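Every position in the sequence shown, counted from 1, becomes a number in our numbering once 66 is added.
Quick reminder that beta carbons are idealized off the backbone N, C-alpha and C, glycines included.
Just so you know, these numbers come straight off a predicted model, no measurement behind them.
Presented below is the structure to which this report refers.
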Amino acid sequence: MPATRLNVVVTRRLPEAVETRMKELFDVELRDPDTAMSRDDLASAMRRCDVLVPTITDQIDASLIAQAGDRLKLIANYGSGVDHIDVATARSRGILVSNTPGTVTDDTADMTLALMLSVTRRIPEGLSVMQAGGWQGWSPMANLGGRIGGRRLGILGMGRIGQAVARRARAFGMQVHYHNRKRLRPEIEAELEATYWESLDQMIARMDIISVNCPHTPSTFHLLNARRLKLLKPTAVIINTSRGEVIDENALARGLKAGEIGGAGLDVYEHGTEINPTLRDLPNVVLLPHMGSATVEGRVEMGEKVIINIKTFADGHRPPDQVVPGML
Numbered sequence: 067m068p069a070t071r072l073n074v075v076v077t078r079r080l081p082e083a084v085e086t087r088m089k090e091l092f093d094v095e096l097r098d099p100d101t102a103m104s105r106d107d108l109a110s111a112m113r114r115c116d117v118l119v120p121t122i123t124d125q126i127d128a129s130l131i132a133q134a135g136d137r138l139k140l141i142a143n144y145g146s147g148v149d150h151i152d153v154a155t156a157r158s159r160g161i162l163v164s165n166t167p168g169t170v171t172d173d174t175a176d177m178t179l180a181l182m183l184s185v186t187r188r189i190p191e192g193l194s195v196m197q198a199g200g201w202q203g204w205s206p207m208a209n210l211g212g213r214i215g216g217r218r219l220g221i222l223g224m225g226r227i228g229q230a231v232a233r234r235a236r237a238f239g240m241q242v243h244y245h246n247r248k249r250l251r252p253e254i255e256a257e258l259e260a261t262y263w264e265s266l267d268q269m270i271a272r273m274d275i276i277s278v279n280c281p282h283t284p285s286t287f288h289l290l291n292a293r294r295l296k297l298l299k300p301t302a303v304i305i306n307t308s309r310g311e312v313i314d315e316n317a318l319a320r321g322l323k324a325g326e327i328g329g330a331g332l333d334v335y336e337h338g339t340e341i342n343p344t345l346r347d348l349p350n351v352v353l354l355p356h357m358g359s360a361t362v363e364g365r366v367e368m369g370e371k372v373i374i375n376i377k378t379f380a381d382g383h384r385p386p387d388q389v390v391p392g393m394l
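Structural data, given as C-alpha cells:
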C-alpha cells in the first residue's frame with residue numbers, strides 16, 4: 067500500500083476513544099446515527115474506501131463484494147465472528163479479512179453463567195414479582211429453583227469461550243463435559259477436568275445443562291435440530307450465547323412449550339430480531355438482546371484490535387488477526 071493515509075469507513079458508532087484514535091491514524095468516515103447501513107450505503111462505501119470496518123449487522127455477501135471498488139483491500143471486522151462475511155469470495159478478489167479474537171471471551175463466558183443462574187434460579191420471575199409489587203414475604207416453598215453445583219454441563223464448542231465457560235463452571239462445582247470438532251490436548255482436558263464426547267448425541271442425552279459456544283458455519287447450522295432436541299432430558303436447560311443459527315429455534319420453542327425441555331437462556335436468535343413469539347411467553351425462558359459481549363472494556367478492546375489490524379496492513383504487513391477460509 068502507498069504511504070498515504072488509508073481511507074477507512076466505519077459502519078456503526080464505536081466507543082469515543084476508538085473513533086478518536088482512528089481519526090488520528092487514518093482518513094476515517096465515521097457513522098453518526100447508531101443504525102446499520104443500508105445495503106446501498108454499504109455498496110457505496112466499499113466502492114470508495116481502502117478499508118471497511120463492518121459489524122455483525124452488515125451482511126457482506128458475494129454479490130456485495132462483487133460491487134467493491136479496486137481500492138478495497140481489507141475488511142477489518144469489528145467482532146470475532148465472521149459468518150456475516152463471505153471470506154472465500156473476498157479472498158478471491160484479493161481482499162483480506164481480519165477479526166478481533168479473544169476480546170469478548172471473558173465477557174461472553176460471564177454472560178453464559180449469568181444465563182444459567184437466571185434460568186435455574188428463576189431470577190426473571192422473581193424480578194417480575196418485585197416490579198409488580200406482588201411480593202407477600204418469604205415462604206419456604208416460594209420461587210424454588212435448583213442449584214447448578216453438581217450438575218453436568220455439556221459444552222458444545224470448546225474454543226476460547228467454551229474453555230472460559232468450563233473454568234467458571236468448575237468454580238461453581240459443575241461437572242464439565244464437551245463435544246468439539248477436535249479433542250483438546252490432554253493437559254488442557256486435565257486442567258479443566260473436562261470429559262470429551264466424540265458423539266454429540268450421546269453427550270446431550272446425559273447433560274443437565276447444554277451451553278452452545280461454537281461458531282455458525284455450514285456444518286453447525288441447526289446442529290441442535292429437532293431430532294437432537296428430542297434427546298434432551300425433560301429437565302435439561304439450553305444456554306446459547308454463540309449464534310442463533312446453531313439451534314432450530316422453532317423446534318426449541320415447541321419442546322419448551324410441551325415440557326420436553328426444562329428451560330432456555332438465549333442471547334442470540336436464528337432470525338436476528340425476529341424471535342419466535344412462543345419463546346417470549348414462556349416463564350422458563352430468559353431472553354437477552356445479544357448482550358454477551360456488551361461491556362465497555364470489551365468494546366474498547368475490540369476497537370484496539372481493529373486499529374492494530376489496519377495499522378499493520380498500512381505498514382505493508384499481513385494483519386495479525388487475518389481470517390482465511392481454512393479457519394472457518
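- The beta carbon of residue 348 sits closer than 6 angstroms to the beta carbons of 322 from its chain, once the five residues preceding and following it are set aside; these are given in chain order.
- Taking residue 92 as the centre and dropping the five residues before and after it, the same chain places the C-beta of 71, 72, 74 closer than 6 angstroms to its C-beta, in chain order.
- Every beta strand (DSSP E) stretch that sits fully inside the segment 141-180 and reaches 3 residues is listed by chain position as 162-164.
- Considered as a whole, the segment 176-222 harbours 189-197 as its complete alpha helix (DSSP H) runs of no fewer than 4 residues, in chain order.
- A straight-line Cα-Cα distance of about 33 angstroms links residue 166 and residue 187.
- According to the DSSP assignment, residue 231 belongs to the alpha helix (DSSP H) that extends over 226-237.
- Note on the segment 297-330: whole beta strand (DSSP E) runs with a minimum of 3 residues are 303-306, in chain order.
- Residue environment analysis places residue 248 among the exposed positions, since fewer than 16 neighbouring C-beta atoms fall within 10 angstroms of its C-beta.
- Here residue 371 is buried, its C-beta having at least 16 other C-beta atoms within 10 Å.
- For residue 261, the three-state secondary structure derived from DSSP is strand.
- Nearest in C-alpha terms to residue 129, of all of 122, 139, 205, 108, is 108.
- According to the DSSP assignment, residue 95 belongs to the beta strand (DSSP E) that extends over 93-95.
- The beta-bridge partner set that DSSP reports for residue 335 is empty.
- Residue pairing by DSSP places residue 245 opposite 222 in a beta bridge.
- Residues of the same chain with a CB within less than 6 angstroms of the CB of residue 379, apart from the 5 flanking positions on each side, are 140, 385 in chain order.
- According to the DSSP assignment, residue 278 belongs to the beta strand (DSSP E) that extends over 275-278.
- Between residue 215 and residue 240, the C-beta gap is smaller than 8 angstroms, which places the two residues in contact.
- Between the segment 271-280 and the segment 189-199, the count of C-beta pairs closer than 8 angstroms stays below three; the two stretches do not touch.
- Straight-line measurement puts the Cα of residue 324 at about 13 angstroms from the Cα of residue 299.
- Look at residue 388 here: in three-state DSSP terms it is strand.
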